[in-house]
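Its first residue numbered 1, the sequence shown is counted upward by one per residue in the working numbering.
Beta carbons are placed, not taken as given, at the ideal position from N, Cα and C, and that holds for glycine.
Here's the structure, in structure tokens; my notes come after.
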Amino acid sequence: MRATVQDVMTTDVAAVNQNDSFHTVADLLISRGVSGVPVLDDDNRVKGVVSEADLLAKEEFKERYYGDGYMPPLRARIRRTVGSEGSGFHKALGESAGALMTSPAHTTTADASVVLAARLMDKYGVKRLPVVDDSGRLVGIVSRRDLIKVFLRRDSDIERQIHEVIPGELGVSVSEGVVTLSGTVDQHSHAIKAVRLAENIDGVVAVHDDLNWKNDDIVQLPVWGGA
């Protein structure tokens, strides 16, 4: 049974309305100790996300002296072009959450697996995903830190699940998420499959393979030499 976003998400979500002021957004980020919040319309639907970086653009583009002519470094311009941040200069002009936010927001649903949520965060380069229902209304938020919670599963729970998904009488020991498989199986391919099944269980940090097999059914391709 794979962990879902609902298992790890936060339901007490700090959020702002798209018409809220710059000052309101800044105050909420500081008072709640978060680095970003969803931006909602009047029907509680997620329109975007506003982060500390969005607010800092206003400070970044201020002139240090008259005629400063500041231009962000090339790396920052490329990151904003290919990523999800949007124009830093445009955000520097914003006065409301709607003008500051990155939109559209990358979201997930409560029944999505934590694996999918992690892949979405990596794909879009974001640190959090608003969790929405079928109507796009906010029901929670999941962060990178929340996803790490799956690695705090009890060793006994991991061991029990391994016995459920891997048939046979294998030796299974788990210490701080590190699994050791031991024993003998009929085929080499069965040993490979057992290791992969164990690796894909939520909370598993690594798998040590101490398995033996009676028959080697793995086809060894010839190695060609020569210059």
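- DSSP places H188 in the uninterrupted alpha helix (DSSP H) bounded by H188 to E199.
- In this chain, H163 is not harboured by any beta strand (DSSP E); it is covered by the alpha helix (DSSP H) spanning D155 to V165.
- Distance from the CA atom of S182 to the CA atom of D43, rounded to whole angstroms, is 55 Å.
- A residue is called buried when at least 16 other Cβ atoms come within 10 angstroms of its Cβ; A15 meets this threshold and is buried.
- In the structure shown, K127 adopts coil according to DSSP, grouped into three states.
- Taken atom to atom, the span from the alpha-carbon of V46 to that of D210 is near 49 Å.
- Per the DSSP secondary-structure output, T4 pairs in a beta bridge with S113.
- The beta carbon of T107 sits closer than 8 Å to those of V46, L129, P130, V131, V132 and G136, all from its chain and outside the five residues before and after it, given in chain order.
- With fewer than 16 other beta carbons inside 10 angstroms of its own, L56 counts as exposed.
- Secondary structure note for I148: it is in no beta strand (DSSP E), and the uninterrupted alpha helix (DSSP H) holding it is R144 to I148.
- CA-to-CA, the gap between A105 and K149 works out to about 24 Å.
- F22 and A97 have their C-alpha atoms spaced approximately 6 Å apart.
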